[in-house]
Structure formats: structure tokens, C-alpha cells
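Protein chains in written order, with the working numbering: chain H, 4 to 240; chain R, 4 to 240. C-beta: ideal position from N, C-alpha, C; glycine also. Because the structure is a prediction, the values reported are computed rather than measured.
Number of protein chains: 2
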Amino acid sequence: MRAQRPARRTPATDALSQDTKSRILDAAELLFMEHGFEATSLRQLTAAAGVNLAAVNYHFGSKEELFQAVLTRRLDPMNQERIDLLARYEREAGSKPLTCEKILSAMLIPALRLSRDEKRGGKHFLRVLGRAYADPAPFIRNFLSAQYAEMIARFKEAFLKALPHLTKQELTWRLHFVMGALSYTLAGTDSLKLMLQVITNDQDNDELLLQRLAPFLAAGLKAPLGDAKKLELVSGD
Amino acid sequence: MRAQRPARRTPATDALSQDTKSRILDAAELLFMEHGFEATSLRQLTAAAGVNLAAVNYHFGSKEELFQAVLTRRLDPMNQERIDLLARYEREAGSKPLTCEKILSAMLIPALRLSRDEKRGGKHFLRVLGRAYADPAPFIRNFLSAQYAEMIARFKEAFLKALPHLTKQELTWRLHFVMGALSYTLAGTDSLKLMLQVITNDQDNDELLLQRLAPFLAAGLKAPLGDAKKLELVSGD
DNA sequence: GCACGATTCAAACGCCCGTTTGAATCATGC
DNA sequence: GCATGATTCAAACGGGCGTTTGAATCGTGC
Chain H
4 MRAQRPARRT
14 PATDALSQDT
24 KSRILDAAEL
34 LFMEHGFEAT
44 SLRQLTAAAG
54 VNLAAVNYHF
64 GSKEELFQAV
74 LTRRLDPMNQ
84 ERIDLLARYE
94 REAGSKPLTC
104 EKILSAMLIP
114 ALRLSRDEKR
124 GGKHFLRVLG
134 RAYADPAPFI
144 RNFLSAQYAE
154 MIARFKEAFL
164 KALPHLTKQE
174 LTWRLHFVMG
184 ALSYTLAGTD
194 SLKLMLQVIT
204 NDQDNDELLL
214 QRLAPFLAAG
224 LKAPLGDAKK
234 LELVSGD
Chain R
4 MRAQRPARRT
14 PATDALSQDT
24 KSRILDAAEL
34 LFMEHGFEAT
44 SLRQLTAAAG
54 VNLAAVNYHF
64 GSKEELFQAV
74 LTRRLDPMNQ
84 ERIDLLARYE
94 REAGSKPLTC
104 EKILSAMLIP
114 ALRLSRDEKR
124 GGKHFLRVLG
134 RAYADPAPFI
144 RNFLSAQYAE
154 MIARFKEAFL
164 KALPHLTKQE
174 LTWRLHFVMG
184 ALSYTLAGTD
194 SLKLMLQVIT
204 NDQDNDELLL
214 QRLAPFLAAG
224 LKAPLGDAKK
234 LELVSGD
């Protein structure tokens, strides 16, 4: 399809010095975050990337395939990192089951690493991902399911050992809650931050954030099973 | 602007028997859930509602204002219900501070009621809302912030009394996590369900769901403060 | 230094978008 | 039963969309 071209580096703008495919991916990551998939046009995107309009269809086939490429580029390595880290923890622990907090670390740390890595798109990508979770488009939903399948299965297994009082079904729900809180937190939509009047803007924002999220999630995962009478519907009156 | 017209009821289709404004709102709720705001066209929407294309701009002004109307119709009463229920609990408790679980109930029960009320759009609306949280469009973000401001402030106050070991800032973050898990759960995007292989499809789905979510969130809210060393970045190897 | 595949480019294609318009229709108060 | 304002309607507006095309350009192997 395409031949490698020597990257001719201009001194000032580093973004412009990459090859066409990377320039498109970077611009897409940024614009999909800012405006969403549907609201981002290829004309606007290719202009921002400094490439010809037809380049997206030439290199990626279609706008949808470009979106999947944007997700894959970051998601694949991150989930692999999660699986590897979990495996390493399990190796280090020997025969003893891992603690809940340790397994959570294996989920959170690769995400945190990615969010702090400006060279790998930093937070931009995690916002795109947070939005993608909530997107009803079938091509996005199916894609994400496939991307996450292996990672989720591995972590479910680990959590089951660490939390023997939970049934499989109960754990499935609690993982659902974990993913919800995590994706919202990492996506960091301004609307929620505005709502809750969060002011923090420091550099170590994300690390502090995950240090707050981890105990919250660990406590939730370890909680005793719910009492059926705790949440009965209050009728009228 | 508009004069009231007597609703002429056809026996079979109840949807077609409402007035134009309601028909548009109902169709919009459904289509915005299925395809999102940007991906839903007014031609498709008005056709589904059985009204003329120009009716949206006549009755609501623009597509954006229609979206806000879709949100307001359900969100306003639900948040008012939450505030009222919290006030009632506080009245019943007298001078004693409410438990964390009780305050959570005041948040969850009105949402659960809405989700089970087919006449009020049922789950359709909550999915639209879940998507809206993650939408980057400024007109959506600002609108949601304003809609939630009072409710969030009231509940923050109540939680502060129930959880005296938390600082204001810590509570703000935990409420952030609560809203994230809650909105994900209620929005119930298929992609997450697919990922986690949730099978339940019964009628009391939502009630069971919140009975599972409530203990999880309560435990998270009550968790001790995080240890700074718990989640340190593991460098390399 | 030329041939050839990979890439870039400007232009156009066909289509659908949100909105506006001005006339037709309806419902009501007089 | 007619005047009046609210509502509905078909049609059009201007513009932007994703994609395709075919020629120009580039970069490398011979």
C-alpha cells in the first residue's frame, strides 16, 4: 500500500514533521475529543493535520476506520500493559491470592501512565475513549467489546480469587461499576467537573485522582452483599 | 405562540394521539438514545414523529433547543424529586444525621422510579442522559451543569454531615465517582454489558441493579482516606 | 535517468443537512 | 360566518458532508 518516506523534520513544529498517517491520527485524536466523532468533519480534520482531504480515505479507508485506528493505537498497548502487570503481580505473589488493591493497581496504573504521557496523546485519548463508551454506534460498541474482552476476562478471574464472598454475577456488576467510575474519572468531562466545582489543575492531578479513586473502588468491591430491604421503593404519600 | 388544540384520540396508536410538541419530544428521546444528537437528523426525527419537517423549528426554535427540551422534561422533575425526598428523610430523622445509605437512596430512588416509568420515557431518557454527560458540546455541558447545580449542592451538604471524616475536596471527588458509576449503570450502554457478559433481562432488572449499586457506592463513600503509597507508579521492568 | 508503484493533490460527485419562507389550513372569538 | 392568530405544509435555500477520481508528483530500484 504505502512506502516509507524519510521524515523531513522542520525545526519548529514537531507535529508537522511526522508522516501523513501519524499527523492524521494525532489531529483526529484531538478533534474527536473536542467535538466528538459525528461533529468532526474530514475537511476540518485534514486541514488541522495539514494533509490533503483525500488522505484519510487513502490511508484508512473511511472515517469510521480512522476512528477505530485512533482507538486501537492507544488501547491495544494499554490493555496489554494491564494484562502483563497483573501477570507480574501474580508471579510475585506466588501461590497467595492478590489483594483487591493490587489487582486494581494493575488496572489503574497503565491508564495513569498513558494519561501522563504527552507523547502518546496524554489525556486527549482517554477523553475520546470515555465518550466512545457511551456512543451508541454499533461499529464503536462492537469494536470496544472485542478490544476489552481479553483484559476483562483476566481481571475478572483475578478478582474472583481475591473476593471469594462474591458470586460471579455479583462481581460482574461490581466490575461494571468500576469501569463506569474509572472511565468517567479519566475522561474528565468538563460538565461533571463544572457540576462538582472541582478546581484542581496541578500537574500531578491524575496521580492524586487515582489515589482517591483506588480506595473508593476497593472499598466498593469488598463491600458485603446488599440487603434486599435497603432500597425499597417509597410509594407516594 | 401556540394555541391549545383538543387532542383527537385515535384508538390504536397512542403515540400518534398526542399533540405535535409531545410527539416530537417522544420521537427525539428515542432517536437521540439510539443514534446520538449529531447523528439524528430532523428529517428522520419528524418522519418518526409523524409531523412536518418545519415543526421542530416552529415549536422549539432549533435542534439544539429541542435537545435541551428533551432533557428538561425529565431531568427537572427527577432532580426535584431527589431534593424533596432528601428533605423528607432529614425531617423524619429529626436532629440526627442521616446515614450514608439513606442519602444514597434519595439519589437513586427517583432515578429508579423514572427508569421504571414507561409512560415517562422509561430507560430511553436515562440513556440519552448518560450520553449527554460525556458529550463535549458546550451547549450540553453548560445546560447540564445548571440543571444539576442545586441538587448536587444539597446532597453534598448532606453527605458532609454523614461522613465527617472526609474533607470537602475528598467528598467532591467521591461524589464524582458516584455520579460516574450511577450514570453508566443507568445509561446501560450495550457495549459495557457486552464486554462484561451480563445476561439479566428480567423485569425487575433495574431494582436489582440499584440494590447492587447502593452497597457498592456506600462502601466507597465510607472508605478510609487513601494511602499515598498505595498506588505508586511502577517504573519499567 | 527512467520506469513504476506509492502518495499527494484539486476538483468534482451525489447526497443530506438545519433552517426559512410564504401560502394553505385550522380553531376560535365576535 | 368572518376575521384573526396559531399551526401545518411543501418547497426551496445555501452549505457542508464523506467519498471518488484521474492527473500530478514523489522516491526508489534498476
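If you draw a straight line from the alpha carbon of residue i to that of residue j, how long is it in whole angstroms?
{"i": "Asp-205 of chain H", "j": "Ser-186 of chain H", "result": "Its pLDDT being 47, under 50, Asp-205 of chain H is placed unreliably in this model, and the coordinates cannot settle the point."}
{"i": "Phe-63 of chain H", "j": "Lys-159 of chain H", "result": "34 Å"}
{"i": "Pro-167 of chain R", "j": "Leu-69 of chain H", "result": "49 Å"}
{"i": "Leu-90 of chain R", "j": "Pro-113 of chain R", "result": "A small fix is needed here, since residue 90 of chain R is Ala in this sequence, not Leu. Roughly 13 Å between the two C-alpha positions."}
{"i": "Asp-22 of chain R", "j": "Leu-33 of chain R", "result": "17 Å"}
{"i": "Gly-97 of chain H", "j": "Arg-157 of chain H", "result": "17 Å"}
{"i": "Arg-130 of chain H", "j": "Arg-94 of chain H", "result": "33 Å"}
{"i": "Trp-176 of chain H", "j": "Asp-120 of chain H", "result": "31 Å"}
{"i": "Ala-140 of chain R", "j": "Asn-145 of chain H", "result": "25 Å"}
{"i": "Lys-225 of chain H", "j": "Leu-178 of chain R", "result": "19 Å"}
{"i": "Asp-87 of chain R", "j": "Leu-111 of chain R", "result": "13 Å"}
{"i": "Leu-132 of chain H", "j": "Met-81 of chain H", "result": "12 Å"}
{"i": "Gly-39 of chain R", "j": "Ala-135 of chain H", "result": "12 Å"}
{"i": "Gln-47 of chain H", "j": "Leu-169 of chain H", "result": "50 Å"}
{"i": "Thr-49 of chain H", "j": "Gln-172 of chain H", "result": "46 Å"}
Can you check whether the CB of residue j is closer than 8 Å to the CB of residue i?
{"i": "Leu-216 of chain R", "j": "Ala-184 of chain R", "result": "yes"}
{"i": "Arg-85 of chain R", "j": "Met-182 of chain R", "result": "no"}
{"i": "Leu-220 of chain R", "j": "Leu-107 of chain R", "result": "yes"}
{"i": "Ala-30 of chain R", "j": "Ala-58 of chain R", "result": "no"}
{"i": "Ala-42 of chain H", "j": "Glu-210 of chain R", "result": "no"}
{"i": "Leu-147 of chain H", "j": "Leu-163 of chain H", "result": "no"}
{"i": "Pro-227 of chain R", "j": "Pro-227 of chain H", "result": "no"}
{"i": "Ala-137 of chain H", "j": "Ala-190 of chain R", "result": "yes"}
Looking at the C-beta of residue i, does it have a partner C-beta in chain H at a distance below 8 Å?
{"i": "Glu-41 of chain R", "result": "yes"}
{"i": "Gly-97 of chain R", "result": "no"}
{"i": "Ala-222 of chain R", "result": "yes"}
{"i": "Ala-57 of chain R", "result": "no"}
{"i": "Glu-173 of chain R", "result": "yes"}
{"i": "Arg-3 of chain R", "result": "There is simply no residue 3 of chain R to check, as chain R begins at 4 and stops at 240 in what is shown."}
{"i": "Asp-22 of chain R", "result": "no"}
{"i": "His-168 of chain R", "result": "no"}
{"i": "Asn-204 of chain R", "result": "Note that Asn-204 of chain R scores a pLDDT of 49, beneath 50, so its modelled location is shaky and nothing firm can be said."}
{"i": "Ser-219 of chain R", "result": "In the sequence as presented, Ser is not what sits at residue 219 of chain R; that position holds Phe. Yes, Phe-219 of chain R lies at the interface with chain H (some Cβ there is under 8 Å from its Cβ)."}
Please report whether the beta-carbon of residue i lies at a distance below 8 Å from any beta-carbon of chain R.
{"i": "Thr-188 of chain H", "result": "yes"}
{"i": "Asp-138 of chain H", "result": "yes"}
{"i": "His-127 of chain H", "result": "no"}
{"i": "Arg-85 of chain H", "result": "no"}
{"i": "Arg-134 of chain H", "result": "yes"}
{"i": "Pro-227 of chain H", "result": "yes"}
{"i": "Glu-32 of chain H", "result": "no"}
{"i": "Ala-184 of chain H", "result": "yes"}
{"i": "Arg-215 of chain H", "result": "yes"}
Report all residues from its chain with a CB closer than 8 Å to the CB of residue i; omit the five preceding and five following residues, and keep chain order.
{"i": "Thr-102 of chain R", "result": "Ala-165"}
I'd like the list of long-range same chain contacts for residue i, defined as Cβ closer than 7 Å, with 5 residues on each side in sequence excluded.
{"i": "Tyr-92 of chain H", "result": "Leu-101, Lys-105 and Ala-109"}
{"i": "Lys-24 of chain R", "result": "His-62"}
{"i": "Leu-45 of chain R", "result": "Leu-56, Val-59 and Lys-66"}
{"i": "Gly-223 of chain H", "result": "Arg-177 and Phe-180"}
{"i": "Ala-72 of chain H", "result": "Leu-28 and Phe-63"}
{"i": "Leu-213 of chain R", "result": "Leu-111 and Leu-115"}
{"i": "Leu-236 of chain H", "result": "For Leu-236 of chain H, the predicted structure reports a pLDDT of 48, less than 50, and the residue's modelled location is therefore unreliable. The matter cannot be settled from this model."}
Which residues bound the alpha helix (DSSP H) around residue i?
{"i": "Asn-82 of chain R", "result": "66-96"}
{"i": "Pro-227 of chain R", "result": "First-last for Pro-227 of chain R: undefined, no H or E at that position."}
{"i": "Asp-29 of chain R", "result": "23-38"}
{"i": "Leu-174 of chain H", "result": "171-190"}
Can you name, in chain order, every residue of its own chain whose Cβ lies under 6 Å from the Cβ of residue i, other than the five neighbours on each side?
{"i": "Phe-142 of chain R", "result": "Glu-67"}
{"i": "Gln-150 of chain R", "result": "Leu-78"}
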